[in-house]
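In the numbering used here, the protein residues as written are 5 to 285. The C-beta atom is built at its ideal place from N, Cα and C for all residues, glycine as well. Below is one structure, written out as structure tokens; comments come after it.
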């Protein structure tokens with residue numbers, strides 16, 4: 005109670021001081037000088053008025069500071085939203101830039117290979133019932149696509165068409181274990197047949213006398229029924245020979261990253277169609 009009473013007393017004194025100062029100021033407007041009593045009262049009340057002025061300024065500055073903090077928070081939130089929006093736009097622009105780059109490279113490839121009848125396609129999905137890696141493209145029988153036609157990009161061979169609908173087709177890539185391709189090693193001209201494996205690579209057996217080494221490029225041989233000669237398949241990444249030196253095996257890393265494929269070409273080329281369910285090389 006004594007503390008509350010003390011605080012009230014201070015407030016009352018401050019208020020009275022302000023009132024007296026105001027009265028003195030008002031009554032002295034029309035006088036050239038103030039009286040001695042007024043001067044004495046002013047001197048006594050000067051510390052009080054100064055204290056009140058400090059308090060008032062402090063309160064005013066605090067209120068202004070709080071308002072400014074609130075404004076800064078709003079501005080910060082707005083800037084954060086703008087940053088999020090700009091980042092999204094940057095991602096979209098980068099995706100468009102990459103797509104334009106891919107399409108430009110594919111167009112250049114098509115223009116520079118006029119001997120090929122190429123149909124540009126986009127990958128629209130993967131077969132949900134397939135445990136391997138077949139995928140669906142957005143062109144089909146209506147666009148001139150047929151079963152077993154080769155599928156490629158400007159980088160190299162992808163695989164072949166295994167099933168065709170009116171406006172879609174299913175593609176089996178080289179990396180699929182059911183797929184095979186006849187190849188020759190570019191440098192040595194040794195031939196082999198490669199099959200896909202579960203690790204997105206190709207395995208095959210080659211002559212034990214073949215002087216192949218890691219890094220050698222392999223291309224299609226043209227000896228099978230599906231692929232024309234000379235399409236890049238990949239590079240040899242491993243060469244193994246059995247203990248008796250009778251058999252030699254190679255592992256090839258495809259030039260295509262099958263996980264990142266988005267657009268492909270279907271090549272209108274097929275010597276003959278194998279029996280139903282057979283994947284030819």
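* Asked: For residue 203, which of helix, strand or coil comes out of DSSP?
  -> coil
* For residue 123: DSSP bridge partner residues -> 270
* Pairwise C-alpha distance: residue 243 and residue 3 -> Outside the shown range of the chain (5 to 285) lies residue 3, about which nothing can therefore be said.
* To do: List the residues that DSSP assigns as beta-bridge partners of residue 173.
  => The partner list for residue 173 (beta bridge, DSSP) reads 141 and 168.
* Beta-ladder partner(s) of residue 253, from DSSP -> 209 and 244
* May I ask whether a heavy atom of the ligand FMN can be found less than 6 Å away from the beta carbon of residue 80? => As presented, the structure is devoid of all ligands, the ligand FMN included, so that no description of it is given.
* Straight-line CA distance for residue 153 to residue 273? -> 6 Å
* To do: Give me the Cα-Cα distance between residue 126 and residue 204, rounded to the nearest whole angstrom.
  => 21 Å
* Check residue 159 in the structure and name its three-state DSSP category. => coil
* Asked: Per DSSP, residue 258 is paired with what?
  -> 238
* Reference residue 201; option with closest CA among 129, 228, 178 and 188 -> 178
* For residue 229, does the three-state DSSP call read helix, strand or coil? -> coil
* **Coil, strand or helix - residue 221 by DSSP** => strand
* To do: Kindly indicate which three-state DSSP category residue 265 falls into: helix, strand or coil?
  => coil
* To do: Inspect the beta-carbon positions of residue 199 and residue 207 and report whether they are closer than 7 Å.
  => yes
* Alpha carbon of residue 105 to alpha carbon of residue 158, nearest angstrom -> Cα to Cα, the separation comes out at about 12 Å.
* To do: Could you tell me whether the Cβ atoms of residue 170 and residue 193 are closer together than 7 Å?
  => no
* **Simplified DSSP assignment, three categories, for residue 129** => strand
* Asked: Do residue 162 and residue 268 come within 7 Å of each other at the CB atom, strictly closer than that value?
  -> yes
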